[in-house]
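Novice: Residue numbers for the sequence shown follow this note's numbering, so the first one is 21 and each next one is one higher.
Where a beta carbon is used, it is the ideal one built from N, C-alpha and C, also for glycine.
Take this structure, written in structure tokens, and hold onto it; I'll ask about it next.
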Amino acid sequence: MAEKHNCHGKSSHGVESQGKTVVEEEHDKTIARIKHKIIVLSGKGGVGKSTVAVNLAVSLATNGNKVGLLDVDIHGPSVPKMLHLEGTKLVSFGGKFLPADVGGLKVMSIGFLLPDEAVAVIWRGPAKAAAIRQFIGGVEWGDLDYLVIDCPPGTGDEPLTVVQTLGRIDGAVVVTTPQDLAISDVRKSITFCGQLNLPVLGVIENMSGYVCTHCGETVDIFKSGGGETMAREMRVPFLGRIPLDATIMAAADDGTPHVYHYEKTEAAKAFSEIVTLIDTKITAANQSKGDLIVMRIAIPTCEGVLSMHFGHCERFAFVDIDPETKTISGTTSVEPPPHEPGLLPGWLHERGVNLVIAGGMGIHAQQLFSQAGVNVITGASAAQPESVVQDYLAGNLVTGANVCDH
Ligand code: ADP
Numbered sequence: 021m022a023e024k025h026n027c028h029g030k031s032s033h034g035v036e037s038q039g040k041t042v043v044e045e046e047h048d049k050t051i052a053r054i055k056h057k058i059i060v061l062s063g064k065g066g067v068g069k070s071t072v073a074v075n076l077a078v079s080l081a082t083n084g085n086k087v088g089l090l091d092v093d094i095h096g097p098s099v100p101k102m103l104h105l106e107g108t109k110l111v112s113f114g115g116k117f118l119p120a121d122v123g124g125l126k127v128m129s130i131g132f133l134l135p136d137e138a139v140a141v142i143w144r145g146p147a148k149a150a151a152i153r154q155f156i157g158g159v160e161w162g163d164l165d166y167l168v169i170d171c172p173p174g175t176g177d178e179p180l181t182v183v184q185t186l187g188r189i190d191g192a193v194v195v196t197t198p199q200d201l202a203i204s205d206v207r208k209s210i211t212f213c214g215q216l217n218l219p220v221l222g223v224i225e226n227m228s229g230y231v232c233t234h235c236g237e238t239v240d241i242f243k244s245g246g247g248e249t250m251a252r253e254m255r256v257p258f259l260g261r262i263p264l265d266a267t268i269m270a271a272a273d274d275g276t277p278h279v280y281h282y283e284k285t286e287a288a289k290a291f292s293e294i295v296t297l298i299d300t301k302i303t304a305a306n307q308s309k310g311d312l313i314v315m316r317i318a319i320p321t322c323e324g325v326l327s328m329h330f331g332h333c334e335r336f337a338f339v340d341i342d343p344e345t346k347t348i349s350g351t352t353s354v355e356p357p358p359h360e361p362g363l364l365p366g367w368l369h370e371r372g373v374n375l376v377i378a379g380g381m382g383i384h385a386q387q388l389f390s391q392a393g394v395n396v397i398t399g400a401s402a403a404q405p406e407s408v409v410q411d412y413l414a415g416n417l418v419t420g421a422n423v424c425d426h
């Protein structure tokens with residue numbers, strides 16, 4: 021499967037052009053047809069990384085996106101089992117692998133290489149990297165809105181190869197469980213992202229509390245909340261908690277996506293809120309790059325500059341954008357209504373706002389904004405509203421931690 025390279029770096033299959041072989045150029049073209057890429061990482065195995073990857077991909081597809089799911093978890097590919105694709109064999113056409121199709125979701129797993137689940141493949145380093153590259157660029161993905169990649173746990177060569185092969189990645193979703201050991205492992209994953217300049221979309225705390233099947237109450241079996249504290253300390257967003265739920269395991273064992281078959285459970289609701297947040301973050305981050313035309317941006321202000329505490333701002337600056345020239349056409353300063361929980365998303369939406377740029381905002385508020393059709397960017401610094409918007413329009417807006425995450 022791997023391309024053979026001679027000592028001058030030329031492919032045995034392709035002719036070099038401008039330093040790239042024909043095969044490498046084909047791979048680049050394949051990757052260019054994928055709009056957004058999300059990688060799912062974890063510090064160690066068994067925390068629910070594949071469960072999150074599968075349910076994230078299915079939810080994004082259910083929301084009307086064209087989605088691919090790639091499982092490169094070389095040492096424990098579990099996606100085939102979770103989607104009832106065990107025994108699927110790799111098929112290629114025109115020199116490319118064809119992904120499996122699960123109700124429109126395109127799925128490719130390194131598990132399709134294994135003769136049966138019980139067989140372990142012993143990979144040598146370079147073969148592993150070549151296989152991963154082939155599974156990304158050498159697959160007929162077609163046009164995709166999202167490619168979700170389930171990476172092997174840890175910070176070894178495999179996630180590094182994925183990051184290097186994919187080019188621009190929208191971000192990483194980092195999965196942890198509430199226990200301290202998993203959390204100390206996951207810190208390494210976040211540092212790894214920082215070293216590779218890979219944005220962290222956020223941390224998910226999985227197996228966080230147990231929803232009792234009899235009374236519906238949530239019981240904290242492991243200490244919950246550690247993931248959120250850790251995210252705050254590491255200055256990365258927290259995306260939410262998914263409870264320990266027997267139906268998640270049952271769905272995985274049956275090969276049926278949980279969010280699809282158990283949509284009324286607390287866990288499925290948690291997945292759906294997290295997916296909305298991820299979708300919103302990616303859409304908002306890409307608006308300034310031309311995906312969407314923003315007409316009115318709201319910035320919470322205190323003493324004329326962006327207020328770090330969204331809930332306590334004195335006024336809002338509404339900055340209007342000329343859709344033709346993508347420049348600021350005017351700014352209005354407006355006093356918000358008296359504080360009332362849940363009021364602002366609808367109030368801003370009614371006033372034509374489709375993006376809020378804030379210093380910090382709690383997850384619940386971000387979810388309410390998503391539901392009201394208003395995107396949110398957090399982590400901006402306390403500057404004049406017009407200068408924040410100019411940076412945003414130029415694609416230079418620097419965002420840090422969600423400073424007021426409550
Ligand atoms: P990883 O990819 O991190 O190794 P998996 O996604 O394969 O972990 O999950 C490990 C096991 O835990 C699977 O059997 C899965 O069904 C189960 N699991 C994952 N998340 C939950 C949850 N929130 N509640 C119950 N079981 C879960």
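Could you pull out every residue in the same chain whose Cβ sits closer than 8 Å to the Cβ of G393, ignoring the five residues on either side in sequence?
Specialist: Stepping through the sequence shown from its first residue, residue 393 is reached at position 373. Contacts found: H369, N374.
Novice: For A378 versus T398, is the C-beta distance shorter than 8 Å?
Specialist: As a working note, residue 378 is residue 358 in the sequence shown. As a working note, residue 398 is residue 378 in the sequence shown. If you check the CB distance, A378 and T398 come in under 8 Å.
Novice: How do the region 256-270 and the region 100-108 stand: do at least 3 beta-carbon pairs fall below 8 Å, yes or no?
Specialist: no
Novice: Let me confirm a value: L363 is counted as buried when at least 16 other C-beta atoms fall within 10 Å, else exposed. Which label applies?
Specialist: As a first step, residue 363 must be located in the sequence shown, where it is residue number 343. So L363 counts as exposed.
Novice: Is L375 near the ligand ADP, judged by its Cβ being under 7 Å from some heavy atom?
Specialist: In the sequence shown, the residue the question calls residue 375 occupies position 355. Not one heavy atom of the ligand ADP falls within 7 Å of the beta-carbon of L375.
Novice: Could you give the C-beta distance for P198 and G246, rounded to a whole number, given that I count them as a contact under 8 Å?
Specialist: One-based indexing of the sequence shown puts residue 198 at position 178. One-based indexing of the sequence shown puts residue 246 at position 226. Confirmed, about 5 Å.
Novice: Can you tell which of V396, L76, I54 has its C-alpha closest to the C-alpha of G305?
Specialist: Taking the first residue of the sequence shown as position 1, residue 305 is located at position 285. Note that residue 305 is Ala in the sequence shown here, rather than Gly. Ranking the options by Cα distance to A305, first place goes to V396.
Novice: Quick check: G222 and V193, are their CB atoms within less than 8 Å of each other?
Specialist: Along the sequence shown, one-based indexing puts residue 222 at 202. Along the sequence shown, one-based indexing puts residue 193 at 173. Yes, they are a contact pair.
Novice: Identify the continuous alpha helix (DSSP H) that holds P263 and give its terminal residues.
Specialist: Looking up residue 263 in the sequence shown gives position 243. First-last for P263: 258-264, but that is the beta strand (DSSP E), not the alpha helix (DSSP H).
Novice: Please name the residue or residues paired with I59 in a DSSP beta bridge.
Specialist: Sequence index remark: in the sequence shown, residue 59 carries index 39 (1-based). BP columns for I59 point to I169, A192.
Novice: S228: which of P97, E44, G131, A287 sits nearest, CA to CA?
Specialist: Position 208 of the sequence shown holds residue 228. It is A287 whose Cα lies nearest to the Cα of S228.
Novice: On the premise that N83 lies in contact with D240, defined as a C-beta separation below 8 Å, what is that separation, rounded to the nearest angstrom?
Specialist: Here residue 240 is taken as the residue at index 220 of the sequence shown, counted from 1. Here residue 83 is taken as the residue at index 63 of the sequence shown, counted from 1. So it is not a contact: roughly 31 Å between Cβ atoms.
Novice: To the nearest angstrom, how far is the alpha carbon of F132 from that of G96?
Specialist: Walking along the sequence shown from the start, residue 132 turns up at place 112. Walking along the sequence shown from the start, residue 96 turns up at place 76. One C-alpha to the other measures close to 12 Å.
Novice: Tell me whether H369 sits in a helix, a strand or coil according to DSSP, three-state version.
Specialist: Indexing the sequence shown from 1 puts residue 369 at position 349. Here H369 sits in helix by DSSP.
Novice: Thinking C-beta only, is V168 closer than 8 Å to V99?
Specialist: The residue given as residue 99 occupies position 79 in the sequence shown. The residue given as residue 168 occupies position 148 in the sequence shown. In this structure, V168 does not lie closer than 8 Å to V99 by Cβ.
Novice: Helix, strand or coil: which one does DSSP assign to H278?
Specialist: The residue you call residue 278 lines up with position 258 of the sequence shown. DSSP places H278 in helix when its eight states are reduced to three.
Novice: Report yes if the CB atom of T108 is closer than 8 Å to the CB atom of A272, and no otherwise.
Specialist: Translated into positions along the sequence shown, residue 108 becomes position 88. Translated into positions along the sequence shown, residue 272 becomes position 252. Not a contact, by the Cβ cut-off of 8 Å.
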